[in-house]
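Step one of this worksheet: look at the structure below.
Protein chains in written order, with the numbering used here: chain D, 1 to 226; chain F, 1001 to 1228.
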């Protein structure tokens, strides 16, 4: 069952991404006055995917606290790892774009800083997990960090609206931006969906790896017992 | 009501044992003066072209945040001897009260260190702290509580870890960025003589909201960390 879901998601993701690439590169009008602007179709959905992941991780952590089922803890950890990877994609694509548009790799602009803060917060979460060996203790403590972390993401993210900023202001119509041409906004959402599919595949792969490592662990313990 | 009394009992116990040894107090105070000394090499404080007021907020709050972590590291670690932490957790007091008591003691401790360090800073760097002293104290109190509540929660969380001293700052500082950002902006404005009005009032609200939300979250969820 899990295999089927994984391959279906992978195929959907691939198909969506191919279709989007075709649209972005050949169908949509080029915006000549903004350098390398196409990167926005990957930059923005990567951030959306990362934030979706952080929220799913919060839900998984809350479920762990409610049920004490280690399966949810494994989900929280797997989802956070994948979300952190997408946050890295967001930061990397943003830096590449900044080099073209601003001439610098990094600006201490509020939105860059807030994404980096979230990145560091969840990197701290993963470092904490590696520092604890006992599984239930690891699950409890990291669930606590995940809950506080997700609330803090809201704080950090909200701060951009009050801080002086150099980052392009919101262009999507859901945030009252309305700065993008007609038809140019849709690929952002379709790419988000494609990335969510890939994120799903990665989480399933990670879960399978987790299950295998648990099995190896118990086999090793059995071998030691004899 | 009983909850608050239990919290005050813990806070009084912590403060009493701290005042008898003064280890965290002396260490954090000395450490913040060391940081002030190091800052003087990062730029030339005697250069008349540099307006110290423009970044005094940043210098102050970095020193406070670093010095605070020293005190917070000790907060739960000192209960490890003779298994005191197990006894505290096993006592009839709810974990939230234990956490709140520890936070109150840490708050008093860090605030005392900050008060002395602020005076030292004002003297060493010729910064006028008295012009808007009331607002400055309010910002300091609000931010110190934010540092304390996050720091105490993570101090409880890391107390049994091998890498305790390393994990606490790695977890704490990224979490503290919203309140520290607010405090740095507000303190810089206040020391430069700019009043708190419409455009920087939002940061006071950020501080209040952060304090309220994270205090509630920490008190409610701390039993996951302490008891399991």
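Note that the Cβ used here is the ideal one computed from N, Cα and C, for glycine as well.
- Below 9 Å between beta carbons: does that hold for residue 70 of chain D and residue 136 of chain D? Here residue 70 of chain D refers to the residue found at position 70 of the first chain. Here residue 136 of chain D refers to the residue found at position 136 of the first chain. It is a contact, given that the beta carbons lie within the stated cut-off.
- Item | Partners in chain D for residue 1161 of chain F, counting only beta-carbon separations shorter than 7 Å | Here residue 1161 of chain F refers to the residue found at position 161 of the second chain. Under a criterion of Cβ atoms nearer than 7 Å, the residues of chain D adjacent to residue 1161 of chain F are, in order, 131, 132.
- Please list the partners that residue 1178 of chain F has in chain D, where partner means a Cβ-to-Cβ separation under 8 Å. Here residue 1178 of chain F refers to the residue found at position 178 of the second chain. What residue 1178 of chain F touches in chain D: 152, 155, 156, 159.
- Query: Which of helix, strand or coil does DSSP assign to residue 206 of chain D?
  - Reply: Locating residue 206 of chain D in the first chain gives position 206, where the first residue counts as 1. DSSP places residue 206 of chain D within a helical segment (H, G or I) once states are collapsed to three.
- Task: Answer yes or no: do residue 48 of chain D and residue 192 of chain D have a C-beta to C-beta separation smaller than 9 Å?
- Result: Against the first chain, residue 48 of chain D aligns to sequence position 48. Against the first chain, residue 192 of chain D aligns to sequence position 192. Against a cut-off of 9 Å, the Cβ pair of residue 192 of chain D and residue 48 of chain D comes out as a contact.
- Task: Find the nearest neighbour of residue 152 of chain D within the set F:1099, F:1176, F:1137, F:1085, judged by alpha-carbon distance.
- Result: What you label residue 152 of chain D is simply residue 152 of the first chain in a count that begins at 1. Looking at the Cα atoms, F:1176 is the closest of the given residues.
- Taking the alpha-carbon positions, what's the residue 14 of chain D to residue 1037 of chain F distance? Here residue 14 of chain D refers to the residue found at position 14 when the first chain is read from its first residue. Here residue 1037 of chain F refers to the residue found at position 37 when the second chain is read from its first residue. Their backbone Cα atoms lie some 57 Å apart in a straight line.
- Hey, residue 1091 of chain F and residue 1155 of chain F: beta-carbon distance below 9 Å or not? Taking the second chain and counting its residues from 1, one reaches residue 1091 of chain F at position 91. Taking the second chain and counting its residues from 1, one reaches residue 1155 of chain F at position 155. No, the Cβ-Cβ distance between residue 1091 of chain F and residue 1155 of chain F is not below 9 Å.
- Kindly say whether residue 178 of chain D, judged by its beta-carbon, lies nearer than 9 Å to any beta-carbon of chain F. Residue mapping note: residue 178 of chain D aligns to position 178 of the first chain, counting from 1. Note that residue 178 of chain D scores 49 on pLDDT, short of 50, meaning its location in the model is unreliable; the coordinates nonetheless yield the value given after this. With respect to chain F, the C-beta atom of residue 178 of chain D has no partner C-beta closer than 9 Å.
- What's the gap between the Cα of residue 208 of chain D and the Cα of residue 200 of chain D? As a working note, residue 208 of chain D is residue 208 in the first chain. As a working note, residue 200 of chain D is residue 200 in the first chain. Taking the CA atoms as reference points, residue 208 of chain D sits about 12 Å from residue 200 of chain D.
- Message: Quick check on residue 1174 of chain F - is its C-beta less than 9 Å from some C-beta in chain D?
- Response: Taking the first residue of the second chain as position 1, residue 1174 of chain F is located at position 174. Proximity of residue 1174 of chain F to chain D, defined by a Cβ-Cβ separation below 9 Å, is satisfied.
- Under a Cβ-count criterion, where at least 16 other Cβ atoms within 10 Å of its own Cβ denotes burial, should residue 1001 of chain F be classed as buried or exposed? Working through the second chain from its first residue, we reach residue 1001 of chain F at position 1. Residue environment for residue 1001 of chain F: exposed (fewer than 16 other C-beta atoms within 10 angstroms of its C-beta).
- Message: Against chain D, with Cβ distances strictly below 9 Å, would residue 1157 of chain F count as a contact?
- Response: As a position in the second chain, residue 1157 of chain F is number 157, starting the count at 1. Yes, contact with chain D.
- Query: Hey, residue 1072 of chain F and residue 131 of chain D: beta-carbon distance below 9 Å or not?
  - Reply: Within the second chain, the letter at position 72 stands for residue 1072 of chain F. Within the first chain, the letter at position 131 stands for residue 131 of chain D. Not in contact: residue 1072 of chain F and residue 131 of chain D (Cβ atoms no closer than 9 Å).
- Query: In chain order, what residues of the region 1091-1111 of chain F put their CB closer than 7 Å to some CB of chain D?
  - Reply: Result list empty, no residue passes.
- Ordered along the chain, which non-local residues of its own chain (more than five positions away) have a Cβ less than 6 Å from that of residue 1032 of chain F? Position 32 of the second chain, counting from 1, holds the residue named residue 1032 of chain F. The answer, listed in chain order, is 1063, 1067, 1117.
- Item | Residues of the region 138-149 of chain D whose Cβ lies closer than 9 Å to any Cβ of chain F, in chain order | The residues in question are 140, 141, 143, 144, 145, 147, 148, 149.
- Tell me whether the beta-carbon of residue 43 of chain D lies closer than 9 Å to the beta-carbon of residue 102 of chain D. Along the first chain, read from residue 1 onward, the residue named residue 43 of chain D stands at position 43. Along the first chain, read from residue 1 onward, the residue named residue 102 of chain D stands at position 102. Residue 43 of chain D places its beta carbon 9 Å or farther from that of residue 102 of chain D.
- According to a CB-to-CB cut-off of less than 7 Å, which residues of the region 58-73 of chain D neighbour chain F? Correct list: 65.
- Task: Spell out whether any CB of chain F is found under 9 Å from the CB atom of residue 128 of chain D.
- Result: Along the first chain, one-based indexing puts residue 128 of chain D at 128. It does; some Cβ of chain F falls within 9 Å.
- Message: Using only CA atoms, which one of D:113, D:144, D:197 lies nearest to residue 66 of chain D?
- Response: Within the first chain, residue 66 of chain D is the residue found at index 66, counting from 1. Ranking D:113, D:144, D:197 by Cα distance to residue 66 of chain D puts D:144 first.
- Task: Return the CA-CA distance between residue 80 of chain D and residue 122 of chain D, expressed in angstroms with no decimal places.
- Result: As a first step, residue 80 of chain D is located in the first chain; it is residue number 80 there, counting from the start. As a first step, residue 122 of chain D is located in the first chain; it is residue number 122 there, counting from the start. Going by the C-alpha atoms only, they are around 7 Å apart.
- Message: Count Cβ pairs between the region 1104-1113 of chain F and the region 1187-1206 of chain F that sit closer than 8 Å; are there 3 or more?
- Response: Short answer: they don't touch.
- Item | Inter-residue spacing [alpha-carbon to alpha-carbon] between residue 1096 of chain F and residue 1042 of chain F | Taking the first residue of the second chain as 1, we reach residue 1096 of chain F at position 96. Taking the first residue of the second chain as 1, we reach residue 1042 of chain F at position 42. Near 42 Å, if we compare the C-alpha coordinates of residue 1042 of chain F and residue 1096 of chain F.
- Query: Taking Cβ-Cβ distances below 7 Å as the criterion, which residues of the region 107-123 of chain D are in contact with chain F?
  - Reply: Under the 7 Å Cβ criterion, the region 107-123 of chain D contributes 117, 120, 121.
- Are the C-beta of residue 1055 of chain F and some C-beta of chain D separated by less than 9 Å? As a first step, residue 1055 of chain F is located in the second chain; it is residue number 55 there, counting from the start. Chain D contact via Cβ: absent.
- For residue 1213 of chain F, go through chain D and note every residue whose CB falls closer than 7 Å to its CB, in chain order. As a working mapping, residue 1213 of chain F is identified with position 213 in the second chain. Within chain D, the residues whose beta carbon sits less than 7 Å from that of residue 1213 of chain F are 151, listed in sequence order.
- Beta carbon proximity, residue 1167 of chain F to chain D, threshold 9 Å: Working through the second chain from its first residue, we reach residue 1167 of chain F at position 167. The beta carbon of residue 1167 of chain F sits closer than 9 Å to some beta carbon of chain D.
- Taking the CB atoms as reference points, tell me whether residue 1180 of chain F and residue 128 of chain D lie closer together than 9 Å. Reading the second chain from its first residue, position 180 is the one you call residue 1180 of chain F. Reading the first chain from its first residue, position 128 is the one you call residue 128 of chain D. One thing to note: residue 1180 of chain F has its Cβ no nearer than 9 Å to the Cβ of residue 128 of chain D.
- Message: Could you tell me the alpha carbon to alpha carbon distance between residue 1055 of chain F and residue 1024 of chain F, rounded to whole angstroms?
- Response: Taking the first residue of the second chain as 1, we reach residue 1055 of chain F at position 55. Taking the first residue of the second chain as 1, we reach residue 1024 of chain F at position 24. Computed Cα separation, rounded: 28 Å.
- residue 73 of chain D - containing alpha helix (DSSP H), residue span: What you label residue 73 of chain D is simply residue 73 of the first chain in a count that begins at 1. Where residue 73 of chain D is concerned, the enclosing alpha helix (DSSP H) starts and stops at 70-101.
- Item | DSSP three-state assignment for residue 1196 of chain F, whether helix, strand or coil | One-based indexing of the second chain puts residue 1196 of chain F at position 196. In this structure, residue 1196 of chain F counts as coil in the three-state DSSP scheme.
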